[in-house]
Amino acid sequence: MLTILQTFLFRTRGRRQLDATDIFTYLYLGLGTLLMFGPVLWLVLSSFKTQAALVEFPPQFLPYTQQTVIVEGYDEPLPIFNVTLDDGSVVQLAQVRRVGIEAQMVDPANPGEIIRVNIDQRAEIREISLAWENYTDPLERFNFLLYLRNSVIVTVVATLITLLINSMAAFALSKYRFRGRNAIFVIIISTLMIPISVILVPVFLVITTIGWNNSLWGVIIPGAAT
């Protein structure tokens, strides 16, 4: 089975080697795959970036974060840089603050002395780090399981109701010949073209009058009806 699949995927127009058509086909398919799955991959990788990494320019493809170090006498971890000194040597210093084009740095091993350097003399020390808190924080801050359950109930019930009603309507319109059949079909197609935002206020008034506000039925029925 694997051999058949491999033969199917890597078959060529030429018998022994790739010709121009094969090369063009693979380039076309490769470009199409990149255009289709590239944004999806970017979305997944961006979900693991910190807020600072999301807004930085130019943007980075991988979720890089700047390394930090805990320095005695400072409450928060300080970002660490490779700093090129005037004599050409490179040392790792932690940045306390930045004032204009000058950065105030300290040696993590000797934090008592402030070293002032030009910002062009420093380079960030970065590493790939996954911000798992982007996924754990919503689970801890909100009742995620309740929201998930409500979403599943609304989706499943609205889909079942829609399938039931639409199947019966489709059967009647396709199998039976009766007066006004074409008019009903045109009306149904026309209502599908009306955006939900146009009827949002009337739907809200109807749901409120019936007493379905603050309930899942107030979301299920309008979704199934439209």
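For what it's worth, the numbering used here labels the leading residue of the sequence shown as 50, then goes sequentially.
Note that CB positions come from ideal geometry on N, CA and C, so glycine has one too.
Here E162 carries a strand assignment [DSSP, helix/strand/coil]. DSSP, reduced to helix, strand and coil, places T99 outside both helices and strands of the structure shown, so it counts as coil. Going by C-alpha positions, S246 is about 32 angstroms away from L103. D156 is bridged by DSSP to N159. Separation of T117 and T70 (C-alpha to C-alpha, rounded to the nearest whole angstrom) is 53 angstroms. Distances from the CA of I119 to each of Y113, P128, L111, P112 were compared; the closest alpha carbon is that of P128. If you look at P128, you'll find it in the beta strand (DSSP E) that goes 127 to 133. Here L134 is exposed. Its C-beta has fewer than 16 other C-beta atoms within 10 Å. Counted as a single uninterrupted DSSP element, the beta strand (DSSP E) harbouring L142 occupies residues 139 to 148.
The beta carbons of I168 and A143 sit no closer together than 8 angstroms. In the three-state reduction of the DSSP assignment, N167 falls in the strand class. Counted as a single uninterrupted DSSP element, the stretch harbouring I177 is not any alpha helix (DSSP H) but the beta strand (DSSP E) occupying residues 175 to 177. By alpha-carbon distance to V205, the top candidate from L265, M154, Y77 is L265. When the Cα atoms are used, V132 and V93 turn out to be separated by approximately 33 angstroms. DSSP places A180 outside both helix and strand once states are collapsed to three, so it counts as coil. In terms of Cα proximity to L241, the closest of P160, A273, I256, L84 is A273. Residue environment: M85 is assigned as exposed (fewer than 16 neighbouring CB atoms within 10 Å of its CB, all protein chains considered).
With respect to F110, E173 sits apart: the two C-beta atoms are not nearer than 8 angstroms.
DSSP places T208 inside the alpha helix (DSSP H), whose first and last residues are 193 to 224.
According to DSSP, residue pairing for V118 in a beta bridge involves L127. Under DSSP, A172 takes part in a beta bridge, and its partners are N131. Under DSSP, Y113 shares a beta bridge with I177.
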